Every structure is written in structure tokens, then in C-alpha cells.
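Protein chains in written order, with this note's numbering: chain A, 205 to 251; chain B, 1223 to 1568. Beneath this line is the structure, given in C-alpha cells, with notes to follow.
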Amino acid sequence: MVGSNRTVLGNGIVHVVGDAHVSPEEEKAVRRKLVEKALEVLKSEAK
Amino acid sequence: MRVVHYLNQFFGGVGGEEKAGAPLEVREGAVGPGLLLEQLLGADAKVVMTLICGDNYAVENQEELIDSALEKIREAKPDLFVAGPCFQAGRYGMASGALGSIVQSKLDIPVVTAMSEENPGVDLYREALYIIDSGTNAAKMRDVLARMASLAVKLMSKGEIGLPKEEGYLPRGLIRDRFVEQTAAERLVVMVLAKVKGEPFESEMMPTTFAPIPMPPALKDLSKAKVMLITDGGLVPKGNPDRIQGSAATRWGSYKIASCDDLKGEDYEISHGGYDPQFVRQDPDRLVPLDVMRELEREGAIGKLHDEFISTSGLANPLSNTRRMGREMAERVKQLGIDAVILTST
């Protein structure tokens, strides 16, 4: 639902969970951080 | 006027919830509400056939129901098809809407049904069909049938159909041309003045409404959870086996990732006309984060990653369509016993 805390802001439309402007290692770290954040909000009560 | 009428097991007199599994049954003549309907439609109207089907059977075997019902209806050579009224019965509404829209498009005859506004069938079929607003109270059967009959007669005689409020059907979201006395700017000022004075006024736009959907509770322990990845970014295996459209998609697909730790660009393509796909084409993990999910699975941060991901293309799609697909995906996810979904959206 719009405005819900179960939404995580991705890193741009063209690579929601990626970053084409950094090294592959750094990109994976970016992705991991976003996914970990997603897992975190799954553990929080919805608002 | 030859009429075919569709009823669920309850209104067809077969039985209550215990008979919801009853398969399609064909009867000659009018049954239950059909008797009154026939009367209200006028002296030359005859309900030649009544189709009765259990609510569960209808939604669980929808394709089969449509195929066999359509054949029966075609044989009956009707001039009009009526389904319901369904009031707030969701499965009845879904079946009536599905049958009504297929009859309308395949047999090219007028179709009328009736539901309460909250019926899930309304969401899916209000654009395609004339759905009389039945309210939720089945005791109003006579009123509802009278409105259905009056609209049906107009449709049959190809008379002009009035606005939703005049005829009593639910707004279909259609825009029609009309001559008006005042320009848009003038109408707007009149409306604003009415609003300031606290007088009643009516907007010319039908705002999209979203009923609040209760959110699932938080997961306490992700280390035991089965997690699934879904995307609306249009990622599909090379060749797009389900032919998912890149715009206004009507389909979604489910794709195996069981023995895969990292999505490779050469195995996939993007069917989505709404963003520059070059980066995801290079590395699909930028849309469907499989590599990282596998790491987290190995580390025990999540219990298990489901061995398929679901994909469709989320672009320029009517709500009726996306609501249907969302419902279908949710059913699948529930069936599979998935505890949590991460949905990546472009």
C-alpha cells in the first residue's frame, strides 16, 4: 500500500537492486543492503 | 425474447454452503428469481434455460464452467443473458462476471448482472458489463430484478442508456460526449463556490478508489521463513515462453531458479516497455536479487528461498487487470505456503 513502511526505496528504476556505476563487488554490497532492509521491514509491524 | 439465466446453488434452490461444490446443472425454464425476472421483462419474455452452479465449483473450475456453459447458452439461442443478482456473494459475482463477459463478447447479445459494490466481481467486470447496484440486502430482490429488467429491455431495443445513477448500474468508467452550457473553467468556479459555501456539488471525475487492504502481521523469525521473489519489471526467460506483454500485460509467469545461484543475462530478456532495460539485461540480479538471497539462505538469515520467482510487466495496465493478476499471484503464494514475498518493482 502506498506510504506503507513495508516499502523500501530501491536504487533507481533501471536497477532497483543494483548499481551500474560501481564495481561488481560494491554493487553486490548495495544489493545486499537493500535486501537486508527488506527483510528487516518484514519483521516490523506494518504501519 | 429468449432469456438464459445463471444462478448459484443457493438461489437455484440446490442448497446452501454444503452444496457449493455442485457442478453445472442445466434446467429448462425459469427457476427461483428467474420467475419474477421473466414477469418483469414483459409478456414476450421467456426464460428458456437456467444454469445453476455451486459457488466453489464455479471458481475452482472456471475455465471448464465457461466452456460448457457457453456451449449450452449458444444452443439455447438467447436474445439476452442475465446472471444473478449476486448481492455480496463474492464467488457468485466472480462467476457471473466471467460468464457474462464471455457471453457478451462471443455471442454478441446484451448481458445484465447485479452485485453489491463491494463484490470482488465488480472490480473485475465493471468496465466490461452493466452491473446493477444490488446493495447487500437480498430482501430487495424484487427492486433489483426490476432495475435489471428495465435496463435489459433498453439494451434489447437498442435504446439510449442513461448515466449510471439514472439506470442504477455501477459506473463503468466510460467517458461520453455531451453538450454543455458552461466551459470547464466556469463549471469549476461554480463547484469551488459551492464547496466554500458548504453546498452540495458533484465532481465530473470518478476518482479511483482503493479499498484499504489489511497488511499481514510481522514475521517474528525469518530464519524459518520460506521467502519468494516476485517482480513487475518484466524479467522472463529468453523467448518469453508465456508471451507476457510489455505493456498492459494480461499474464504473469512463474520461473524456475532451483539450481541457480546467480541470474545470467544471456538466459533472460525483459518484456517491459516502460524503462531502459539495458542494465537488467546485463545482470538480472539487478532486478531479481537472487545472488544475495542465496547468500542469505546459506547464512541462515532466511529459512528457504522458493525455487521459482513470479514475474509480470507492470506498465499502463487497467486496474481491473492488475487486481485480477494480483489476486491470482496471492492465491498461488498462499497455496505454496510462502511466508514472505520480496517484490521488486521498476
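Ideal placement from N, C-alpha and C gives every residue a C-beta, glycine not left out. From a predicted model like this one, the values you see are computed outputs, not experimental measurements.
For chain D, is any of its Cβ atoms less than 8 angstroms away from the one on residue i?
i, result
"B:I1274", "The question asks about chain D, but that chain is absent: this structure's protein chains are A and B."
Using the three-state DSSP reduction, which class does residue i fall into: helix, strand or coil?
i, result
"B:D1399", "coil"
"A:R210", "coil"
"B:N1539", "coil"
"B:S1425", "coil"
"A:E240", "helix"
"B:M1556", "Reading off the sequence shown, one finds Lys at residue 1556 of chain B, where the question assumed Met. Three-state result, B:K1556: helix."
"A:K232", "helix"
"B:K1328", "helix"
"B:L1441", "coil"
"A:K247", "coil"
"B:K1380", "coil"
"B:L1527", "strand"
"B:I1435", "coil"
"B:G1234", "coil"
Determine, using beta carbons only, whether residue i and residue j come nearer to each other than 8 angstroms.
i, j, result
"B:V1185", "B:I1295", "Here chain B has residues from 1223 to 1568 only, and residue 1185 of chain B is not among them."
"B:H1528", "B:M1437", "no"
"B:T1453", "B:F1401", "no"
"A:V212", "A:L238", "yes"
"B:S1338", "B:G1357", "yes"
"B:A1276", "B:Q1231", "Per the sequence shown, residue 1276 of chain B should be read as Gly rather than Ala. Yes. Within cutoff."
"B:L1302", "B:I1331", "yes"
"B:I1466", "B:S1493", "yes"
"B:P1307", "B:M1370", "yes"
"B:E1349", "B:G1315", "no"
"A:S248", "B:A1523", "no"
"B:L1229", "B:G1254", "yes"
"A:G222", "A:R235", "yes"
"B:D1498", "A:V220", "no"
"B:G1525", "B:K1446", "yes"
"B:P1300", "B:V1226", "yes"
"B:A1244", "B:L1273", "no"
With which residues is residue i paired in a DSSP beta bridge?
i, result
"B:N1278", "Answer is none; B:N1278 lacks a bridge partner."
"B:T1453", "B:S1533, B:T1566"
"B:P1459", "B:Y1490"
"B:V1414", "Bridge partners of B:V1414: none, in fact."
"B:M1271", "B:V1226, B:E1250"
"B:V1334", "B:V1304, B:Y1352"
"B:G1468", "DSSP, once it has assigned bridges, lists no residue as partnering B:G1468."
"B:G1475", "B:S1533"
"B:Y1391", "B:I1354"
"B:K1299", "Answer by DSSP bridge pairing: none, since B:K1299 is not bridged."
"B:K1448", "B:K1526"
Distance cutoff 8 angstroms, beta carbons only. Does residue i sit that close to anything in chain A?
i, result
"B:Y1497", "yes"
"B:S1567", "yes"
"B:A1562", "yes"
"B:D1464", "no"
"B:D1505", "yes"
Taking 8 angstroms as the threshold (beta carbon to beta carbon), is residue i in contact with chain B?
i, result
"A:R229", "Contrary to the premise, residue 229 of chain A reads as Glu rather than Arg in this sequence. No, because no Cβ of chain B sits closer than 8 angstroms to the Cβ of A:E229."
"A:V226", "no"
"A:K241", "no"
"A:G222", "yes"
"A:G207", "no"
"A:L246", "yes"
For residue i, is the beta carbon positioned less than 7 angstroms from some heavy atom of the ligand MG?
i, result
"B:P1511", "This structure simply doesn't include the ligand MG, nor any ligand for that matter."
Near-chain A residues of the stretch 1433–1444 of chain B (beta-carbon distance less than 8 angstroms), N- to C-terminal order: P1434, I1435, M1437, P1438, P1439, A1440, L1441, K1442, L1444
Residues of the stretch 1509–1524 of chain B whose Cβ lies closer than 9 angstroms to any Cβ of chain A, in chain order: L1509, V1510, P1511, D1513, V1514, M1515, E1517, L1518, A1523, I1524
Against chain A: residues of the stretch 1477–1502 of chain B by CB proximity under 7 angstroms: Against chain A - using a Cβ distance shorter than 7 angstroms - the residues of the stretch 1477–1502 of chain B are Y1497, D1498, F1501, V1502.
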